[in-house]
Amino acid sequence: MRTPDPFNIPKAITHLEGFSWRRQDGSNLWFGDLGEKISLFITNRKVKAVFIIIFLFWLVLFARLFWLQIFQGQNYAAIAEGNRLRLNILPAERGIIYDRFGTPLVANIPHFSLFFIPGDLPKNLQDQAAIANQLSRLKIKDETQILSAFAGASPASFTPVLLADDLTRDQVIALSVYEAELSGIKLITEPRREYLSGSGLSHVLGYLGEINEKELSSLTDKNYQAGDSLGKNGLELYYEDILRGLKGEEEVEVDARGKVKKIIARREPTAGQDIILSIDLDLQKELAASLSRAIATAGGSGSGVAVALDPKSGEVLALVSLPDFDNNFFSAGINREAYNKYLSDPQKPLFNRAIAGTYPPGSTFKPVVASAALQAGIIDESTAFFSTGGLRIDKWFFPDWKAGGHGRTNVISALANSVNTFFYYIGGGYGDFEGLGVDLIKKYSALFNLGQTTGIDLPGEASGFLPDKDWKLATKGEPWYIGDTYHLSIGQGDILVTPLQVALYTAAVANGGTLYRPHLLKTSTETASSYLLKTDFITPQNIELVRRGLRATILSGSARSLGSLPVSAAGKTGTAQVGGDAPNHAWFTGFAPYDDPQIVLTVLVENGGEGSTVAVPVFREVFDWYFKED
Numbered sequence: 005m006r007t008p009d010p011f012n013i014p015k016a017i018t019h020l021e022g023f024s025w026r027r028q029d030g031s032n033l034w035f036g037d038l039g040e041k042i043s044l045f046i047t048n049r050k051v052k053a054v055f056i057i058i059f060l061f062w063l064v065l066f067a068r069l070f071w072l073q074i075f076q077g078q079n080y081a082a083i084a085e086g087n088r089l090r091l092n093i094l095p096a097e098r099g100i101i102y103d104r105f106g107t108p109l110v111a112n113i114p115h116f117s118l119f120f121i122p123g124d125l126p127k128n129l130q131d132q133a134a135i136a137n138q139l140s141r142l143k144i145k146d147e148t149q150i151l152s153a154f155a156g157a158s159p160a161s162f163t164p165v166l167l168a169d170d171l172t173r174d175q176v177i178a179l180s181v182y183e184a185e186l187s188g189i190k191l192i193t194e195p196r197r198e199y200l201s202g203s204g205l206s207h208v209l210g211y212l213g214e215i216n217e218k219e220l221s222s223l224t225d226k227n228y229q230a231g232d233s234l235g236k237n238g239l240e241l242y243y244e245d246i247l248r249g250l251k252g253e254e255e256v257e258v259d260a261r262g263k264v265k266k267i268i269a270r271r272e273p274t275a276g277q278d279i280i281l282s283i284d285l286d287l288q289k290e291l292a293a294s295l296s297r298a299i300a301t302a303g304g305s306g307s308g309v310a311v312a313l314d315p316k317s318g319e320v321l322a323l324v325s326l327p328d329f330d331n332n333f334f335s336a337g338i339n340r341e342a343y344n345k346y347l348s349d350p351q352k353p354l355f356n357r358a359i360a361g362t363y364p365p366g367s368t369f370k371p372v373v374a375s376a377a378l379q380a381g382i383i384d385e386s387t388a389f390f391s392t393g394g395l396r397i398d399k400w401f402f403p404d405w406k407a408g409g410h411g412r413t414n415v416i417s418a419l420a421n422s423v424n425t426f427f428y429y430i431g432g433g434y435g436d437f438e439g440l441g442v443d444l445i446k447k448y449s450a451l452f453n454l455g456q457t458t459g460i461d462l463p464g465e466a467s468g469f470l471p472d473k474d475w476k477l478a479t480k481g482e483p484w485y486i487g488d489t490y491h492l493s494i495g496q497g498d499i500l501v502t503p504l505q506v507a508l509y510t511a512a513v514a515n516g517g518t519l520y521r522p523h524l525l526k527t528s529t530e531t532a533s534s535y536l537l538k539t540d541f542i543t544p545q546n547i548e549l550v551r552r553g554l555r556a557t558i559l560s561g562s563a564r565s566l567g568s569l570p571v572s573a574a575g576k577t578g579t580a581q582v583g584g585d586a587p588n589h590a591w592f593t594g595f596a597p598y599d600d601p602q603i604v605l606t607v608l609v610e611n612g613g614e615g616s617t618v619a620v621p622v623f624r625e626v627f628d629w630y631f632k633e634d
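Going by our numbering, the residue at position 331 of the sequence shown is 335; the numbering climbs one at a time, nothing skipped.
This is the structure:
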């Protein structure tokens, strides 16, 4: 009988604690139960947990990758492409403005600005400092200021940031040598408006300025962008849509430094349309110089206006409002301090007195009242009144300008010598004679386009004012008196007109009774009829009587000093009282040649005194030059 092996556990014996059948090795009796438990714990809990964690990690990673590739792929591709491709806006050349003979009044000159693209700057601060140092050595800007600008910009932005404006040509030449090496630095050339005339045309031409937030929001359909320039006043504003042109676009591929490698696509800009004005630049210069001398001699408020029209078309041949301003200050970008200085100037140089200034017309209004009285049948050529120096109504006396009066006067001599008494009669009546009255005066004044804008192609025109009974009662709480009508009949009281309106009704008298809308664009054969406002509202016969009165003003009346002109002229003086201690406004309005009028000229010198001594000399100087030149 074999002796049993003490290290071999028979198959049948399964009750030995801590041992298992067919185990290669095991534990001693003390550790057997603990090892089993540890083995079971690892197998059933820890391993599963580890595998779950690993599985979840890969699931999240895959989901994120799926999201980025499938849902965000196009977005990130576009960002990457945007860093490589850029869309540059190409500015359009603004249309040029010419005078009637083709002389340019404005120009578009190259204007150079330096920008940096934050996203294209080197990430290394030392490299940025090297760029700033290079630009500083080129005298672009102080190095500290450049670095401060770099630091203040968002590093992820690809929007150009202005670094230096209005570079000189020397700076541009120097930059062109180094620009390729300066990462993120971009030189941009744009046209800037330059005004060439410097001859009292500032109010006519206007100026450009950067678009503001209010304008940008109201012009959303016009494709303006922040930083764009647009017309702010004058013709630049009125004809903005014609002059501005259409921007172009250029899609380019850039390298890591933001430098253009290749042009992908390009749409050329379309230049704005040129416009030809009715303005005669030489006449404008002569008129501005003469008016300036008259203002200086008069020593009044330092302000004045002169307007010249073609009576056969309504074309504005010259328009001067003094004082004026330099358009180029605004085009270059005027600062707030300089702008406020203009605004606070008591002489208001930004104010266009020719179309927006309103004044009592004085005796220059008498041709309108005479035309109204003739047309209404109140008077005819033979109607005459005796002037003894004025009219008395109760305790009120309404004087003539000449002590002792002018004797017997009809419509022609009354216009020639500016006889107040005659116009008191035909305007307000006296004794048994019934005059026009305020309602008819207002009616015929409106036919001459008073109390309303003329429609000139300039922004900011005033309508003037024609008083009446209802207005006075509502405004002053008083009834309308006969004295109010007398004052109105001689262009005094509450009536207000613009110098352009005076020139317009003078033109209607000059041409025989046709009213044209004044305009600054040169008239073509196709457009001439579109400027006709009205005709035949005063009969040719009645207009001719008024014309004869204005001719007599120069032959024997209050403007006899114009008798030496090289051409037959007609006109009317005016001295308008302004109340208080302020000096009178000096007026003169007239036309020439008498038989075939080519030009109307209206002159106003604010607080200049007598029209015959202050405004008439301007008319004489300019017409003497104009017709001798002709």
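Cβ atoms here follow ideal geometry from the backbone N, Cα and C, with glycine treated the same way.
Out of 96, 318, 103 and 118, point me to the one whose CA is closest to residue 112's CA.
For the residues 96, 318, 103 and 118, the minimum Cα distance to residue 112 belongs to 96.
Extent of the continuous beta strand (DSSP E) run through residue 112
Unbroken beta strand (DSSP E) run through residue 112: 110-120.
I'd like to confirm the pairing. Which residues does DSSP put opposite residue 233 in its beta bridges?
Beta-bridge pairing links residue 233 to 214.
Alpha carbon to alpha carbon, how far is residue 351 from residue 107?
Our two residues, residue 351 and residue 107, have alpha carbons roughly 31 Å apart in a direct line.
Please confirm whether residue 408 and residue 390 have their CB atoms less than 9 Å apart.
No; because the gap between Cβ atoms is not below 9 Å, this pair is not in contact.
Cross-strand partners of residue 325 (DSSP beta bridge)
DSSP, once it has assigned bridges, lists 309 as partnering residue 325.
Inspect the CB distances between the stretch 563-582 and the stretch 610-630 and report whether three or more fall short of 8 Å.
By the C-beta criterion, the stretch 563-582 is judged to be in contact with the stretch 610-630, since at least 3 inter-stretch pairs fall below 8 Å.
Residue 207 - containing alpha helix (DSSP H), residue span:
It spans 206-209 - the alpha helix (DSSP H) in which residue 207 sits, taken as one unbroken run.
Taking residue 475 as part of the alpha helix (DSSP H), name the residues at either end of that continuous run.
For residue 475, the enclosing alpha helix (DSSP H) begins and ends at 473-480.
Please classify residue 629: does DSSP put it in a helix, a strand, or coil?
Here residue 629 sits in helix by DSSP.
Thinking C-beta only, is residue 304 closer than 9 Å to residue 420?
No, Cβ-Cβ distance for residue 420 and residue 304 is not below 9 Å.
DSSP puts residue 546 in a beta bridge; with which residues?
None; residue 546 has no bridge partner.
Could you give the first and the last residue of the continuous alpha helix (DSSP H) run that contains residue 503?
That run of the alpha helix (DSSP H) goes 503-514.
Residue environment, residue 611, which counts as buried when at least 16 other CB atoms sit within 10 Å
The residue is buried, with at least 16 neighbouring Cβ atoms inside 10 Å.
Where residue 400 falls, given that 16 or more other Cβ within 10 Å makes a residue buried
When all chains shown are included, residue 400 counts as exposed.
According to the Cβ coordinates, are residue 248 and residue 335 closer than 9 Å?
No.
Please list the terminal residues of the continuous beta strand (DSSP E) segment that includes residue 588.
Counting along the chain, no beta strand (DSSP E) covers residue 588, and no H or E run does either.
Reference residue 167, options 174, 188 and 160, closest by Cα
Looking at the Cα atoms, 188 is the closest of the given residues.
Cα-Cα separation, residue 82 to residue 280:
With a pLDDT of 48 at residue 82, under the threshold of 50, the predicted position of this residue should be treated as unreliable, though the coordinate-derived value follows. For residue 82 and residue 280, the distance between alpha carbons rounds to 47 Å.
Give me the Cα-Cα distance between residue 86 and residue 230, rounded to the nearest whole angstrom.
Low per-residue confidence applies at residue 86: pLDDT is 47, beneath 50, and the placement is therefore not dependable, though the value from the model is reported in the following sentence. Using only the alpha carbons, I get a separation of about 21 Å.
With DSSP as the reference, please indicate the residues paired to residue 596 in a beta bridge.
Beta-bridge pairing by DSSP links residue 596 to 603.
Chain-order list of residues whose beta-carbon lies under 8 Å from that of residue 593 (same chain, five-residue window excluded)
The residues are 368, 506, 507, 510, 575, 576, 578, 604, 605, 606 and 607.
If you draw a straight line from the alpha carbon of residue 30 to that of residue 53, how long is it in whole angstroms?
At residue 30 the pLDDT is 49, less than 50, meaning the model places this residue with poor confidence; the figure from the coordinates comes in the next sentence. Rounded to the nearest angstrom, the two C-alpha atoms are 27 Å apart.
Sort 500, 450, 349 and 316 by Cα distance to residue 362 and report the nearest one.
In terms of Cα proximity to residue 362, the closest of 500, 450, 349 and 316 is 500.
At a cut-off of 8 Å, is residue 388 close to the ligand HEM when judged by its beta-carbon and the heavy atoms of the ligand?
The ligand HEM is absent from the structure shown, which contains no ligands of any kind.
From residue 497 to residue 405, what does the alpha carbon distance come to, in whole angstroms?
Distance between the alpha carbons of residue 497 and residue 405: 16 Å.
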